[in-house]
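First residue of the sequence shown? That's 0 in numbering that gives the first Met the number 0, and the numbers climb one at a time after it. Glycine is no exception: its CB is placed at the ideal position from the N, C-alpha and C atoms.
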Amino acid sequence: MFDILIGNLLSPIVLFFVLGLSAALLKSDLKIPSGLSEALSIYLLIAIGLKGGIELTNYSLSTLARPMTGALLLGTMIPVAVVLVLRKLLRMDLNNAVALAATYGSVSVVTYGAAISYLEKQSIGYDGYMNALLVMMESPAIVVSLLLLRLAANKGSRSERTSLSLGFVQAVPRRPLLNKELLKESLFGKSVLLLLGSLLIGLAAGEPGYKAVKPLFVDLYPSVLMLFLLNMGIIAGSRLPEIGRYGIKLFLFAVMMPLLGGASGVWIGSAIGLSVGSAALMGVLAGSASYIAAPAA
């Protein structure tokens, strides 16, 4: 287990993040152009969706029904819980609370890979469709988090209109809290559209289409991810001072949330009849936090 931990920490992907973090802390002038940053995000979202869709073609709907239900439940439940805790207990602003909700509700590919390596070393079997659930769980939390952001913003504008109606300024007519425009922005925004659209394309293309996408979206994926995490390191380093605003509470949240999420994932995995190995992997997925899809979104 210790070897796996060291191997992950010293991987080029993690070290590029550390390089970006160091550059920010050292006040270097290293920056990733905004256009390149946008392109890297688009690439990663498409690659994640394609791989998940292709993986899903290997299993029947009846086989996937219960695992998919569990994954969707976790992807919905976790971001809602995170937003409530951060807003009520830490008094965090809405944008940061929603960003963390999407991060914790989504999943970590590296953490999942480490868990698989551990299970294999312990000779514990797991179902192959867990690889597809890995990709499936990237999207729901992002959709739910964006929806929560739109709902909260819409609720705030409703409150403002209510206060205006109590004065001499004519109030703007109220709109429903959940309207078509809100759903459109949440479900068909760039990040969600790319993830879900690419997943459907991968599902339609199947294994025969794998050869067509492999050179760009599979072989180059680790290299592009390194550039992406270099940029994430620069951004994270520039925002480290903001952590001081929330003190020890945010640190405790960061420690406790993976434990609670992991326990929830194992419980739900066991409840829907997954094997020991698969339930453990669902716990890992629920307890991990995304450093690719959520930041890219």
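- Ala151 and Val84 have their C-alpha atoms spaced approximately 15 Å apart.
- Of the candidates Leu8, Ile47, Leu25, Val13, Ile47 places its Cα closest to the Cα of Ile200.
- Here the stretch 100–108 makes contact with the stretch 271–291; the two share three or more CB pairs at distances below 8 Å.
- For Val82, the closest alpha carbon among the candidates Gly69, Arg65, Ala64, Thr102 is that of Thr102.
- Non-local C-beta neighbours of Arg65 in its own chain, meaning closer than 6 Å and more than five positions away in sequence, comprise Ile271, ordered along the chain.
- The alpha-carbon of Phe187 is positioned some 13 Å away from that of Arg149.
- Between Leu39 and Asn230, the CB-CB gap stays under 8 Å.
- In this chain, Met91 is not harboured by any alpha helix (DSSP H), its DSSP state being neither H nor E.
- In this structure, the beta-carbon distance from Leu72 to Ile267 falls below 8 Å.
- Excluding five sequence positions before and after Val265, the CB atoms of its chain that fall closer than 6 Å to its own CB belong to Ala278, Gly282, given in chain order.
- Collapsing the DSSP output to three states places Asn57 in coil.
- Assignment of Met136 by DSSP, reduced to helix, strand and coil, places it in the coil class.
- Closest in C-alpha terms to Leu193, from the list Val13, Ala262, Leu99, Gly52, comes Gly52.
- Per DSSP, reduced to three states, the secondary structure at Ile271 is coil, with no helix or strand assignment.
- Distance between Thr68 and Ser190, taken at the CA atoms: about 22 Å.
- In this structure, the beta-carbon distance from Ser144 to Ala100 falls below 8 Å.
- A direct Cα-to-Cα measurement between Ala23 and Leu228 gives close to 13 Å.
- For Leu147, the closest C-alpha among the options Ala80, Leu215, Ala253 is that of Ala80.
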